[in-house]
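Novice:
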Amino acid sequence: MKVRKAVIPAAGLGTRLLPASKAVPKEMLPIVDKPVIQYIVEEAVASGITDIVIVTGYGKQAIENHFDTSFELEFHLENRGKHETLEQVRRIDDLANVIYVRQKEPLGNGHAVLVARAAVGDEPFAVLWGDDIILGDPPVTRQMIDAFERLGGPIIGVQAVESIDYPRYGMLEVESIREREYRVHGVIEKPTVEQSPSNLAQIGGFVLTPDVFDILESTREGTAGEIYLADALRTLVQERPVYAYEFEGRRYDTGDKLDYLKANVELALQRAEFGDEFRSYLRSLNLGTAA
Ligand code: UTP
Numbered sequence: 079m080k081v082r083k084a085v086i087p088a089a090g091l092g093t094r095l096l097p098a099s100k101a102v103p104k105e106m107l108p109i110v111d112k113p114v115i116q117y118i119v120e121e122a123v124a125s126g127i128t129d130i131v132i133v134t135g136y137g138k139q140a141i142e143n144h145f146d147t148s149f150e151l152e153f154h155l156e157n158r159g160k161h162e163t164l165e166q167v168r169r170i171d172d173l174a175n176v177i178y179v180r181q182k183e184p185l186g187n188g189h190a191v192l193v194a195r196a197a198v199g200d201e202p203f204a205v206l207w208g209d210d211i212i213l214g215d216p217p218v219t220r221q222m223i224d225a226f227e228r229l230g231g232p233i234i235g236v237q238a239v240e241s242i243d244y245p246r247y248g249m250l251e252v253e254s255i256r257e258r259e260y261r262v263h264g265v266i267e268k269p270t271v272e273q274s275p276s277n278l279a280q281i282g283g284f285v286l287t288p289d290v291f292d293i294l295e296s297t298r299e300g301t302a303g304e305i306y307l308a309d310a311l312r313t314l315v316q317e318r319p320v321y322a323y324e325f326e327g328r329r330y331d332t333g334d335k336l337d338y339l340k341a342n343v344e345l346a347l348q349r350a351e352f353g354d355e356f357r358s359y360l361r362s363l364n365l366g367t368a369a
């Protein structure tokens, strides 16, 4: 069955980015000149996704406004003859068919996926975190969907990480199938270097099948009182073949302050209109040691 839908959970509190995320959703913070979530929606659309389910919550109205038509703004830009900007603004509301579902309380990223159940229905779907920009060529979600079509089961996006980083991730116990493709036998959350079964970390998005919803329904809350998708996936691995795909691409966890900064710098350098000037500016900086 074709993967047409993507769920983007965007209802979290974003405490790692406070105070910036107090009144502005972290998914709406700009990377250069576009909000984080627009990169994610564009990547999904470029991957062939037609229906996007965004999970929002209290204080996240700016996300809906961003993907909605703003007649006042368009009228103003048209009258002033700012056609290029007008096209950019119009392109945003034409991107995809966006459906919003509400998570009444931020009860965890797994719970956020569960509230999208009715909007997803009985078909496979992608899950992309609302604060994770993953860029690749071909688009990473496309790579994952292709893997899903080849392997016929849920796909977890993974990348190899340095051993010093093992304790930050869910590390996978896998069996290699062919280049970049693995069967998953287990996931160990934040292991020590010695405990980690491989160097593959659960990093990317996911392509999942609707049976994960039943598992999420019965998944118990973790330590912080939240329901995590990672816990449901651990159960899923016991019940059916689950696969990992080592995608080719660069990921920025923009919900983390340092990664947010890196995303701004690296994506600005890729922009034709000011990349050169920005590059010279960066070169001119006296990068002394920290105070
Ligand atoms: P994070 O794991 O970054 O969660 O969520 P968070 O709670 O927003 O962040 P911190 O740790 O407090 O800084 C990954 C994605 O899942 C969404 C977030 O909005 C983010 O896009 N999410 C998380 C939800 O939709 N609901 C939740 O209850 C938790």
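For the sequence shown, our numbering gives the first residue as 79, with consecutive numbering after it.
By construction, the Cβ of each residue, glycine as well, lies at the ideal position given by its N, Cα and C atoms.
Computed from a predicted structure; not experimentally measured.
Need the endpoints of the alpha helix (DSSP H) that glutamate 120 sits in, please.
Specialist: Within the sequence shown, the letter at position 42 stands for residue 120. Start and end: 114-124.
Novice: Distance, Cα to Cα, glutamate 156 vs arginine 168?
Specialist: Numbered from 1 along the sequence shown, position 78 holds the residue referred to as residue 156. Numbered from 1 along the sequence shown, position 90 holds the residue referred to as residue 168. Between glutamate 156 and arginine 168, the C-alpha separation is close to 11 angstroms.
Novice: Any idea what DSSP makes of alanine 101, helix, strand or coil?
Specialist: Within the sequence shown, the letter at position 23 stands for residue 101. Alanine 101 falls in the coil class under three-state DSSP.
Novice: How is the alpha helix (DSSP H) around valine 198 delimited, first residue to last?
Specialist: To locate residue 198, count along the sequence shown from 1; it is residue 120. Residues 195-198.
Novice: Would you report the Cα separation of lysine 83 and glutamate 295, rounded to the nearest angstrom?
Specialist: To locate residue 83, count along the sequence shown from 1; it is residue 5. To locate residue 295, count along the sequence shown from 1; it is residue 217. Whole-angstrom Cα-Cα distance: 20 angstroms.
Novice: Between the C-alpha atoms of glutamate 324 and aspartate 172, what's the straight-line distance to the nearest angstrom?
Specialist: For the purposes of this step, residue 324 is taken as the residue at position 246 of the sequence shown. For the purposes of this step, residue 172 is taken as the residue at position 94 of the sequence shown. Glutamate 324 and aspartate 172: Cα-Cα distance of roughly 31 angstroms.
Novice: As an exercise, report each continuous alpha helix (DSSP H) stretch of at least 4 residues that is fully enclosed by the stretch 161-239, in chain order.
Specialist: 161-172, 187-192, 195-198 and 218-229
Novice: Where are the alpha helix (DSSP H) runs, 4 residues long or more, that stay fully inside the stretch 293-327, in chain order?
Specialist: 307-317
Novice: What does the Cβ neighbour count give for aspartate 210, buried or exposed, with the cut at 16 atoms within 10 Å?
Specialist: As a first step, residue 210 is located in the sequence shown; it is residue number 132 there, counting from the start. Buried is the call here.
Novice: Since glycine 282 is in the beta strand (DSSP E), which residue starts that stretch and which ends it?
Specialist: Here the question's residue 282 lines up with position 204 in the sequence shown. That run of the beta strand (DSSP E) goes 278-286.
Novice: Report the option in Pro202, Lys112 and Val343 whose CA atom is closest to the CA atom of phenylalanine 226.
Specialist: For the purposes of this step, residue 226 is identified with residue 148 of the sequence shown, where counting begins at 1. Nearest C-alpha to phenylalanine 226: Pro202.
Novice: On the criterion of 16 or more Cβ atoms from any shown chain inside 10 Å, does glutamate 105 qualify as buried, or is it exposed?
Specialist: The sequence position of residue 105 within the sequence shown is 27, counting from 1. The residue in question, glutamate 105, is buried, as its Cβ has 16 or more Cβ neighbours within 10 Å.
Novice: Do isoleucine 109 and tyrosine 330 have their CB atoms nearer than 9 angstroms?
Specialist: Taking the sequence shown and counting its residues from 1, one reaches residue 109 at position 31. Taking the sequence shown and counting its residues from 1, one reaches residue 330 at position 252. Yes.
Novice: Please classify proline 245: does DSSP put it in a helix, a strand, or coil?
Specialist: Along the sequence shown, one-based indexing puts residue 245 at 167. Proline 245: helix per DSSP, three-state reduction.
Novice: From what residue to what residue does the beta strand (DSSP E) around glycine 264 run?
Specialist: Within the sequence shown, the letter at position 186 stands for residue 264. Where glycine 264 is concerned, the enclosing beta strand (DSSP E) stretches over 259-267.
Novice: Between arginine 195 and arginine 180, what straight-line distance do the alpha-carbon atoms span, to the nearest angstrom?
Specialist: Translated into positions along the sequence shown, residue 195 becomes position 117. Translated into positions along the sequence shown, residue 180 becomes position 102. Spanning the two alpha carbons is a distance of roughly 12 angstroms.
Novice: For aspartate 215 and glutamine 237, I'd like the C-alpha separation in whole angstroms.
Specialist: Counted from its first residue, the sequence shown places residue 215 at position 137. Counted from its first residue, the sequence shown places residue 237 at position 159. Looking at the two C-alpha atoms, the distance is approximately 16 angstroms.
Novice: Just grab the DSSP bridge partners of threonine 134 for me.
Specialist: For the purposes of this step, residue 134 is taken as the residue at position 56 of the sequence shown. According to DSSP, which records beta bridges pairwise, threonine 134 is partnered with Arg180.
Novice: Which residue's Cα is closest to the Cα of valine 114: Val343, Gly333 and Asn143?
Specialist: Mapped onto the sequence shown, residue 114 falls at position 36. Among Val343, Gly333 and Asn143, the Cα nearest to that of valine 114 is on Gly333.
Novice: When the Cα atoms are used, what is the spatial distance from glutamine 166 to lysine 112?
Specialist: If you number the sequence shown from 1, residue 166 lands on position 88. If you number the sequence shown from 1, residue 112 lands on position 34. In a straight line, the C-alpha of glutamine 166 is about 11 angstroms away from that of lysine 112.
Novice: Are valine 198 and proline 87 touching if we call contact CB-CB under 9 angstroms?
Specialist: As a working mapping, residue 198 is identified with position 120 in the sequence shown. As a working mapping, residue 87 is identified with position 9 in the sequence shown. Taking 9 angstroms as the Cβ cut-off, valine 198 and proline 87 do not qualify as a contacting pair.
Novice: Anyone know if the C-beta pair for glutamate 257 and alanine 322 falls short of 9 angstroms?
Specialist: Here residue 257 corresponds to residue number 179 of the sequence shown, with the count starting at 1. Here residue 322 corresponds to residue number 244 of the sequence shown, with the count starting at 1. Against a cut-off of 9 angstroms, the Cβ pair of alanine 322 and glutamate 257 comes out as no contact.
Novice: Under 8 angstroms by Cβ, that's how I've got valine 218 and glycine 235 pegged, so tell me the actual separation to the nearest angstrom.
Specialist: Start at 1 with the first residue of the sequence shown, and residue 218 comes out as number 140. Start at 1 with the first residue of the sequence shown, and residue 235 comes out as number 157. At roughly 7 angstroms, the Cβ-Cβ gap stays under 8 angstroms, so valine 218 and glycine 235 are in contact.
Novice: Could you tell me the alpha carbon to alpha carbon distance between asparagine 277 and tyrosine 244, rounded to whole angstroms?
Specialist: Taking the first residue of the sequence shown as 1, we reach residue 277 at position 199. Taking the first residue of the sequence shown as 1, we reach residue 244 at position 166. Straight-line Cα distance between these residues: approximately 7 angstroms.
Novice: Going along the chain, which residues of its own chain have a beta-carbon closer than 6 angstroms to the beta-carbon of proline 232, five neighbours each way excluded?
Specialist: Position 154 of the sequence shown, counted from the first residue, corresponds to residue 232. Correct list, in chain order: Leu286, Thr287 and Val320.
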